[in-house]
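To start, the structure under review is shown below, and the notes come after it.
There are 2 protein chains.
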Amino acid sequence: MSVFTEYDLMRELHKDGDKIILLVLDGLGGLPMEADGETELEAANTPNLDRLAAEGTTGLSIPIREGIEPGSGPAHLSLFGYDPVHYEIGRGVLEALGIGFDLGPNDLAARGNFASADANGVITDRRAGRIPTEECIRLTAKLQEATGDILPGYEVFVKPVKEHRFVLVIRGEGLGGQLTETDPLQTGKKPLPVQDESGTPEGAHTAALVNKWVEAARAVLVNEPRANSLNLRGLAKDPGLPQFPDIYGLKAAAIAVYPMYKGVAQLVGMDVIHFEGDRPPHEIDALERIWDDYDFFFVHIKKTDSYGEDGNFDAKVHEIEVVDELIPRILALGPGALIVTGDHSTPAKLRKHSWHPVPALLWSPRAMPDQVQLFGERVCASGHMGVFHATHLMPQAMAHAGRLKRFGA
Amino acid sequence: MSVFTEYDLMRELHKDGDKIILLVLDGLGGLPMEADGETELEAANTPNLDRLAAEGTTGLSIPIREGIEPGSGPAHLSLFGYDPVHYEIGRGVLEALGIGFDLGPNDLAARGNFASADANGVITDRRAGRIPTEECIRLTAKLQEATGDILPGYEVFVKPVKEHRFVLVIRGEGLGGQLTETDPLQTGKKPLPVQDESGTPEGAHTAALVNKWVEAARAVLVNEPRANSLNLRGLAKDPGLPQFPDIYGLKAAAIAVYPMYKGVAQLVGMDVIHFEGDRPPHEIDALERIWDDYDFFFVHIKKTDSYGEDGNFDAKVHEIEVVDELIPRILALGPGALIVTGDHSTPAKLRKHSWHPVPALLWSPRAMPDQVQLFGERVCASGHMGVFHATHLMPQAMAHAGRLKRFGA
Chain A
777 MSVFTEYDLM RELHKDGDKI ILLVLDGLGG LPMEADGETE LEAANTPNLD
827 RLAAEGTTGL SIPIREGIEP GSGPAHLSLF GYDPVHYEIG RGVLEALGIG
877 FDLGPNDLAA RGNFASADAN GVITDRRAGR IPTEECIRLT AKLQEATGDI
927 LPGYEVFVKP VKEHRFVLVI RGEGLGGQLT ETDPLQTGKK PLPVQDESGT
977 PEGAHTAALV NKWVEAARAV LVNEPRANSL NLRGLAKDPG LPQFPDIYGL
1027 KAAAIAVYPM YKGVAQLVGM DVIHFEGDRP PHEIDALERI WDDYDFFFVH
1077 IKKTDSYGED GNFDAKVHEI EVVDELIPRI LALGPGALIV TGDHSTPAKL
1127 RKHSWHPVPA LLWSPRAMPD QVQLFGERVC ASGHMGVFHA THLMPQAMAH
1177 AGRLKRFGA
Chain B
777 MSVFTEYDLM RELHKDGDKI ILLVLDGLGG LPMEADGETE LEAANTPNLD
827 RLAAEGTTGL SIPIREGIEP GSGPAHLSLF GYDPVHYEIG RGVLEALGIG
877 FDLGPNDLAA RGNFASADAN GVITDRRAGR IPTEECIRLT AKLQEATGDI
927 LPGYEVFVKP VKEHRFVLVI RGEGLGGQLT ETDPLQTGKK PLPVQDESGT
977 PEGAHTAALV NKWVEAARAV LVNEPRANSL NLRGLAKDPG LPQFPDIYGL
1027 KAAAIAVYPM YKGVAQLVGM DVIHFEGDRP PHEIDALERI WDDYDFFFVH
1077 IKKTDSYGED GNFDAKVHEI EVVDELIPRI LALGPGALIV TGDHSTPAKL
1127 RKHSWHPVPA LLWSPRAMPD QVQLFGERVC ASGHMGVFHA THLMPQAMAH
1177 AGRLKRFGA
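Going line by line, the protein sequences match chains A and B. Just so we're aligned: 1179 in our numbering is position 403 of the first sequence, and the numbers increase by one with no gaps anywhere. Just so we're aligned: 1133 in our numbering is position 357 of the second sequence, and the numbers increase by one with no gaps anywhere.
Have a look at this one:
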């Protein structure tokens, strides 16, 4: 089924109804550390999530496609109902969103890497010896100062990220195309010029602009001891995604601590909510505060993923239990549909994102209580949503919240 | 979901990793002979396969589409990750592969049927009274002799199959088109000329060549008592499938006894391994011998299907047990991912291929051990792969073998 068909169905059928909460525990899915052990979620003491699973409908969610290890950006697009294979977000855009840059429709963003080069410009270290972040801050300020206004009619922003990484944003009319990267991807080679593969006048114009900036920027760096060159990767604009509020007829709010997740929510047209604090209870404070103002609430819990990447099984278990304790406060608000799932798995055993399907539950007064009585990887395989693609969650939530009209007579 | 997108994902994301084994027990899936009985696989004593199921991830595989009874060619394409609805292999090609003909890119293959006709050429028996195979061998030799060089610039091969069936291959430059069949599909009608439906010059040229050969061949047969006419069906070339090693970045070997399976493997670019013997242990001997030389190993066990088609429940059970005993030898090689499944079901109860989903297991050190503890049709429905399309197995195997990069940032 084409993704456009699903959008069209939502656009065509949506109506007013109850409120929807999408509670995402980042990297929720896990693996047993030993063959006969439990996963993080199975090991956690989660009486409230278990109650939701028992009263609701469960399943296992495939973030992107079977076997595909998801990046965070595409995994969240899936949860919002967008097929991320059709709507790719460029790395430059994600990097800009990741540092909280307020990316506009006329902005071209690139991920930058400081690099070391020899006298002929041949790259000798693609990461400039992983210079410290303070050095990155100094260098980006220097570039901002020297190259901020060298492209007539365009604004240039050079922002530090971490170590050798920075973000370049060029703002102005008529940017676009399909742009190649400068990074030769190995040492011993010269950087490549940016080229346009779209064949459009806009693309050729943009490639020329970027190459002009790169040349000027390298000249600024020429006497730096280590970071005397740079490369650009993932040059891209906001992909202009169909807007979430239009597709679903939902006024949508995003409650998240990390810029990257706020950024993806912003790209699809959600309002990013500002609040004090950075722990799950602070996020639920914010949820309670804005409850009357929105129809849809995306609440993002980050640390489950971070602890998974650290290989810290116990800390991930504990963070799941912290969230579990907040469930009664969430239920007390009276949602028509509450989804609890992850954007992908981050098993502490693997210390990274993985392709394993993610346990998912949908609680609603209108849900079919399937035979699953607990919230966990193994049991959710028997749930009424089956093993399904994550893009199906939003239509399910819409239905359970009474927000979809009948299809056909 | 477009099949092309999945190919592109594999092409884009593959990297080096561990070795993958695809062990196919042809026609593995079965049915209970009585309502409360067990299937062949459930009845078999399979401690090793049960262990793999307990430690690995399981599911039920749909070979083509829900409810579709698979032919062997398309069913194997699915296992290799090709949607067989998009990549049809012509019947002539399958028939040529089935007799072990070494089909090249310039070859047009057709399935031939000897037929009986009256004095006016009207077909009176579409199978020439099912002449014995020895008769078929005599007739094809006669045709080879008389028509082998009647098409200037082209080689003609006429090969016997079985009873009234033979294979015609025309070899040379510029063959193609979309060619109709000569068989009127009922007695009392004259054969049809071959026509091209592609509208290409190549198609018109090829149709004319084939019609010239058919006319000459019928003239050769005119005084035969029964097989005095013939028809051609499924005229096709090697469809030029995307090559498995390119899609997955895998150097791939096929270990199979029957020509048809070697042929399909060859069409997708696998190396067909020659070995002595024709029983499963001989195939594992070959697997051990070539282990260091390849990344991917397709091992095909035929007799499970043959016994199913014979309606021989017990012999099918026994053949499954023969394979089970070989599992420790396979595991000892240290694969990163081992798939065990069938290309389709061949229940002894039905004595033919069937559409029923096929139990599948994926064993890997990186697998989620789902709640399924045995290998069998009923229990696999609760596995973490769910009820899935067979084309998903290859991406799953790639992921579990550590052979896929992350999708998106």
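Just so you know, even glycine gets a beta-carbon here, dropped at the ideal spot from N, CA and C.
Our contact map puts residue i next to residue j with C-beta atoms below 8 Å; I'd like the distance itself, whole angstroms only.
{"i": "L919 of chain A", "j": "V943 of chain A", "result": "About 11 Å; that fails the 8 Å criterion."}
{"i": "A1030 of chain B", "j": "V1048 of chain B", "result": "5 Å"}
{"i": "L1109 of chain A", "j": "W1067 of chain A", "result": "5 Å"}
{"i": "P983 of chain A", "j": "L955 of chain A", "result": "As written in the sequence, residue 983 of chain A is Ala, which differs from the Pro given in the question. Their Cβ separation, rounded to whole angstroms, is 6 Å, which keeps A983 of chain A and L955 of chain A in contact under 8 Å."}
{"i": "T1122 of chain B", "j": "G1162 of chain B", "result": "With 8 Å as the limit, T1122 of chain B and G1162 of chain B do not qualify as a contact, their Cβ atoms being about 23 Å apart."}
By Cβ distance, which residues of its chain are closer than 7 Å to residue i, with the 5 residues on each side in sequence left out?
{"i": "S848 of chain A", "result": "M1036, D1119"}
{"i": "R994 of chain B", "result": "S1005, L1006"}
{"i": "E1052 of chain A", "result": "H1058"}
{"i": "L1017 of chain B", "result": "Y858, Y863, L1043, V1044"}
{"i": "P808 of chain A", "result": "E814, T815"}
Grab the span of the alpha helix (DSSP H) containing residue i for me, first residue to last.
{"i": "G1039 of chain B", "result": "1035-1043"}
{"i": "K1092 of chain B", "result": "1089-1100"}
{"i": "F877 of chain A", "result": "Run containing F877 of chain A: none; DSSP gives neither H nor E here."}
{"i": "G835 of chain A", "result": "Careful: G835 of chain A lies outside any alpha helix (DSSP H), inside the beta strand (DSSP E) at 833-838."}
{"i": "D1081 of chain A", "result": "1079-1086"}
{"i": "F1051 of chain B", "result": "Per DSSP, F1051 of chain B belongs to no alpha helix (DSSP H) and is neither H nor E."}
{"i": "L817 of chain A", "result": "816-819"}
{"i": "A1173 of chain A", "result": "1169-1176"}
{"i": "I1023 of chain A", "result": "1020-1024"}
DSSP three-state call for residue i: helix, strand or coil?
{"i": "M777 of chain A", "result": "With a pLDDT of 37 at M777 of chain A, under the threshold of 50, the modelled position of this residue cannot be trusted, and the question is left open."}
{"i": "R941 of chain B", "result": "strand"}
{"i": "S854 of chain A", "result": "helix"}
{"i": "I1031 of chain A", "result": "strand"}
{"i": "F1151 of chain A", "result": "coil"}
{"i": "D972 of chain A", "result": "strand"}
{"i": "G905 of chain A", "result": "coil"}
{"i": "D826 of chain B", "result": "helix"}
{"i": "I865 of chain B", "result": "coil"}
{"i": "G948 of chain A", "result": "coil"}
{"i": "D1047 of chain A", "result": "strand"}
{"i": "I899 of chain B", "result": "strand"}
{"i": "T916 of chain B", "result": "helix"}
{"i": "L927 of chain B", "result": "coil"}
Starting from the C-beta of residue i, find all residues in its chain whose C-beta is less than 6 Å away, skip the five residues before and the five after it, and write them out in chain order.
{"i": "G1045 of chain B", "result": "Q1019, F1020, P1021"}
{"i": "A1136 of chain A", "result": "G835, S837, T1117"}
{"i": "A1034 of chain B", "result": "First, the residue type needs correcting, since residue 1034 of chain B is Tyr and not Ala in the sequence shown. K1078."}
{"i": "G905 of chain A", "result": "R1002"}
Classify residue i: buried if its beta carbon has 16 or more other beta carbons within 10 angstroms, exposed otherwise.
{"i": "K938 of chain A", "result": "exposed"}
{"i": "G866 of chain B", "result": "buried"}
{"i": "N896 of chain B", "result": "exposed"}
{"i": "T976 of chain A", "result": "exposed"}
{"i": "S778 of chain B", "result": "Caution is warranted here: a pLDDT of 40 is assigned to S778 of chain B, below 50, making its placement in the model unreliable, and the coordinate value is therefore given only provisionally. Flag for S778 of chain B reads exposed."}
{"i": "F1183 of chain B", "result": "buried"}
{"i": "K1092 of chain B", "result": "buried"}
{"i": "N999 of chain A", "result": "exposed"}
{"i": "P823 of chain A", "result": "exposed"}
{"i": "P1056 of chain A", "result": "buried"}
{"i": "D1069 of chain B", "result": "exposed"}
{"i": "L861 of chain B", "result": "Note on residue identity: the sequence assigns Val, not Leu, to residue 861 of chain B. Burial call: exposed."}
{"i": "K965 of chain A", "result": "exposed"}
{"i": "N821 of chain B", "result": "exposed"}
What residue range is occupied by the uninterrupted beta strand (DSSP E) comprising residue i?
{"i": "P1135 of chain B", "result": "1134-1139"}
{"i": "D883 of chain B", "result": "883-893"}
{"i": "K1013 of chain A", "result": "1005-1013"}
{"i": "L1063 of chain A", "result": "No beta strand (DSSP E) contains L1063 of chain A, which is instead part of the alpha helix (DSSP H) from 1056-1066."}
{"i": "V990 of chain A", "result": "Note, V990 of chain A: premise wrong, no beta strand (DSSP E); alpha helix (DSSP H) at 977-997."}
{"i": "I1106 of chain B", "result": "Unbroken run through I1106 of chain B is the alpha helix (DSSP H), 1103-1108; no beta strand (DSSP E)."}
{"i": "F1164 of chain B", "result": "1162-1165"}
{"i": "I797 of chain B", "result": "796-801"}
{"i": "A1185 of chain B", "result": "No beta strand (DSSP E) contains A1185 of chain B, which DSSP labels as neither H nor E."}
Within the same chain, show all residues whose beta-carbon is closer than 8 Å to that of residue i, passing over the 5 residues directly before and after it, in chain order.
{"i": "E831 of chain B", "result": "W1139, A1143, P1145"}
{"i": "Q792 of chain B", "result": "First, the amino acid is wrong: residue 792 of chain B is Asp here, not Gln. These residues qualify, in order along the chain: G1025, R1179."}
{"i": "L927 of chain A", "result": "I946, G948, L985, K988, W989"}
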